[in-house]
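So the sequence lines, in the order shown, correspond to chains V and C.
Under the working numbering, think of the first position of the first sequence as 5, with each following residue one higher.
Under the working numbering, think of the first position of the second sequence as -3, with each following residue one higher.
Glycine included, C-beta positions come from ideal geometry on N, C-alpha and C.
Notes follow the structure.
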Amino acid sequence: MELFINQVLAGIATGAIYACMALAIVMIFQAIDHLNFAQGEMAMFATFIAWQLMQWGVPYWWAFLLTLIISFAGGVIIERVLFKPLAKAPVLTNVAGFIALFAIINSVAGLIWDFTIKQFPTPFGSSPFLGSQLISTHQAGMIGVTLALLIALFMFFRFTRIGLAMRAAAAMPESARLVGINTGWMVALGWGMASAIGAIAGILIAPVVFLEPNMMGGVLIYGFAAAVLGGLTSPLGSVLGGFLVGIFENLVGTYVPGVGNELKLPIALALIVIVLVVKPTGLMGHTVVKRV
Amino acid sequence: MSVLLSVHDLRAYYGQVQALHGLSFDLNEGSMTTLLGANGAGKTTTLRAICNMVRSTGGIQFEGKPLTGKSTENIVRLGIAHVPQGRGTFTTLTVEENLQLGAISRKDVKAISGDIERMYAHFPVLKQRHTQQAGTLSGGEQQMLAVARALMLRPRLMLLDEPSFGLAPLIVRDLFNILGKINREDKVSILVVEQNAQLALEIADKAYVIETGRIVMSGNAKEIANDESVRKSYLGY
């Protein structure tokens, strides 16, 4: 029984990271109708920036905050420079753009910081949480930060004028322009926020998976699985999907014989396929009806 | 009366196809002007060209300043509220959020909640449904929401594209009475495009008749309504 609870809690902790990645993916999907394949690499690069700042002696939380600001600006710049000109281009052109971005960021990170594995600090420590053997303080910190982030985002979209404008621009761009919303900047803002959310995910997971340019590869696939499971049109669903994928991954790895760590990733991919076949809109997504 | 909106030699294009062939007309401050014409005459295109939603050439001046080259959202911010065909409702958002969006470009944030209450006074049904998703409203209710949303901008000029479309006759009459009231009491100038010429001519001061992208007739709304030959050849009633 203790093993079960332990695995569920650990699943929730890593699920929190998948939830962040899924949320970042859904935010950009809502804004431009495309999946950002480079989301994980952007998060990885941000994590390296945080690491570099700390190497230069910046205290952890200052480095954290600065990294979020830099990531936000970086997301906005990527949208303005690369994806704004592609806004009316065909899907495949956009996909090529995302893959190019993926490769560029990955190589540049390797060029600057090389491909050796680096330790990344945790501000929460790794002792048992509240004296319990079930979960470490870092895992508890991951869950806490993610929940705080979700509440902050919910308040932002629900109660601020700019959040309302972003929702309107994502739902019906032409109508949004007719009430005076600059939809182009709303998309850029979405990119900035998604980029900052990804940075949080990267910084939180780095102490667990270690810092190196390919650290987010697996995490991104889990993030996609979470987003698909929850529904690509539902931010809340994607978060729920993140936690579910985290728990599912751990339980399958523990209890199904022969799965172990090696087969966890294929299971995430199998989950994507199964959801797409059985319930393409995901748990909480809605069917997008388009007039043609 | 001074001219609020002046359109001169307007030509609009959808790809290679030219939809407007040198349209010119003026709209006076405080007036209710109607553009009439059959399907495909270019009424909707004229409204879309004013808001720069379709490629066009020619001069459009609002309060004496040219609108040429301005983006749709910046034109709206000058005080031109456009209720498009199909109403432009944010169907997944609530009624109240739709009204807030109407005022999203305004700087006087404190006055907005008072304006929402005024809209609820104009359209009591919207108050009953204020937490409901706008997509669940009936056609007539959605049209009222669209007008209320446009008014939340505190516009100088309101462009309405076929507000009667798809509505029951009684509801249409209600809506036009409210539009007349808004025009008189709130001093909002209105440019309304209609296929229901009879009704539009009843409440408008001035009318223009468009045929295949050109103005073929203009004048006082009452005179046009009384001119039997115009009615028969262009308005079909």
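Use the C-beta contact count for residue i: other C-beta atoms within 10 angstroms, 16 or more gives buried, fewer gives exposed.
i	result
residue 202 of chain C	buried
residue 75 of chain V	buried
residue 222 of chain C	exposed
residue 226 of chain V	buried
residue 40 of chain V	buried
residue 31 of chain V	buried
residue 248 of chain V	buried
residue 270 of chain V	exposed
residue 160 of chain C	buried
residue 96 of chain C	buried
residue 260 of chain V	exposed
residue 136 of chain V	exposed
residue 105 of chain C	exposed
residue 115 of chain C	buried
residue 69 of chain C	buried
residue 99 of chain C	buried
residue 18 of chain V	buried
I'd like to know if residue i contacts chain C, where contact means its C-beta is closer than 7 Å to some C-beta of that chain.
i	result
residue 232 of chain V	no
residue 185 of chain V	yes
residue 358 of chain V	Look at the range of chain V in this structure, 5 to 296, and you will see that residue 358 of chain V is not part of it.
residue 162 of chain V	no
residue 288 of chain V	no
residue 179 of chain V	yes
residue 172 of chain V	yes
residue 176 of chain V	yes
residue 93 of chain V	no
residue 157 of chain V	no
residue 182 of chain V	yes
residue 192 of chain V	no
residue 169 of chain V	yes
residue 296 of chain V	Unreliable placement is indicated for residue 296 of chain V, whose pLDDT of 42 sits below 50; the coordinate value is still reported in the next sentence. No, residue 296 of chain V does not count as interfacial toward chain C.
Quick check: the Cα distance between residue i and residue j, rounded to an integer number of angstroms?
i	j	result
residue 57 of chain C	residue 216 of chain C	22 Å
residue 209 of chain V	residue 48 of chain V	10 Å
residue 125 of chain V	residue 71 of chain C	51 Å
residue 173 of chain C	residue 140 of chain C	12 Å
residue 120 of chain V	residue 203 of chain V	20 Å
residue 288 of chain V	residue 117 of chain C	36 Å
residue 69 of chain V	residue 113 of chain C	41 Å
residue 191 of chain V	residue 250 of chain V	29 Å
residue 10 of chain C	residue 198 of chain V	36 Å
residue 232 of chain V	residue 242 of chain V	7 Å
residue 89 of chain V	residue 150 of chain V	33 Å
residue 255 of chain V	residue 10 of chain V	10 Å
residue 191 of chain C	residue 168 of chain C	12 Å
residue -1 of chain C	residue 224 of chain V	59 Å
residue 108 of chain C	residue 159 of chain V	20 Å
residue 193 of chain C	residue 47 of chain C	24 Å
residue 3 of chain V	residue 44 of chain V	Residue 3 of chain V lies beyond the residue range present for chain V, which begins at 5 and ends at 296; the question has no answer from this structure.
residue 4 of chain V	residue 189 of chain C	In the structure displayed, chain V extends from 5 to 296; residue 4 of chain V sits before or after that span and is not available.
residue 194 of chain V	residue 228 of chain C	54 Å
Of all Cβ atoms in chain V, is any one closer than 7 Å to the Cβ of residue i?
i	result
residue 250 of chain C	It is not possible to answer for residue 250 of chain C, since the shown part of chain C is limited to -3 through 233.
residue 51 of chain C	no
residue 174 of chain C	no
residue 158 of chain C	no
residue 100 of chain C	yes
residue 78 of chain C	yes
residue 86 of chain C	yes
residue 150 of chain C	no
residue 242 of chain C	This structure gives no information on residue 242 of chain C, because the portion of chain C shown stretches from -3 to 233.
residue 114 of chain C	no
residue 189 of chain C	no
residue 73 of chain C	yes
Pull up the DSSP beta-bridge partners for residue i, would you.
i	result
residue -1 of chain C	C/24
residue 215 of chain C	C/203
residue 58 of chain C	C/1 and C/61
residue 117 of chain C	Per DSSP, none; premise fails for residue 117 of chain C.
residue 166 of chain V	DSSP, once it has assigned bridges, lists no residue as partnering residue 166 of chain V.
residue 52 of chain C	C/8
residue 140 of chain V	V/132
residue 50 of chain V	Answer is none; residue 50 of chain V lacks a bridge partner.
residue 137 of chain C	Paired residues: none, contrary to the question.
*asked:* Under 8 Å, with one C-beta from each stretch per pair, do the region 196 to 215 of chain C and the region 23 to 30 of chain C reach the 3-pair mark?
replied: With the rule of 3 Cβ pairs closer than 8 Å, the region 196 to 215 of chain C counts as touching the region 23 to 30 of chain C.
*At a cut of 8 Å, does the region 121 to 136 of chain C reach the region 84 to 95 of chain C through at least three beta carbon pairs?*
Short answer: they touch.
*Is the region 268 to 283 of chain V touching the region 12 to 21 of chain C, taking contact as three or more C-beta pairs under 8 Å?*
Segment contact: the region 268 to 283 of chain V against the region 12 to 21 of chain C, fewer than three CB-CB distances shorter than 8 Å; contact not assigned.
*asked:* Using 8 Å as the cut-off, can you tell me whether the region 173 to 182 of chain V makes contact with the region 20 to 29 of chain V, which would need three or more C-beta pairs spanning the two stretches below that distance?
replied: Flag = no, the region 173 to 182 of chain V and the region 20 to 29 of chain V do not touch.
*When the Cβ atoms of the region 80 to 89 of chain V are set against those of the region 139 to 154 of chain V, are three or more pairs found closer than 8 Å?*
A contact between stretches requires three or more CB pairs, one per stretch, nearer than 8 Å, and the region 80 to 89 of chain V fails this requirement with the region 139 to 154 of chain V.
*Any contact of the region 258 to 274 of chain V with the region 57 to 73 of chain V, i.e. 3+ C-beta pairs under 8 Å?*
Touching, no.
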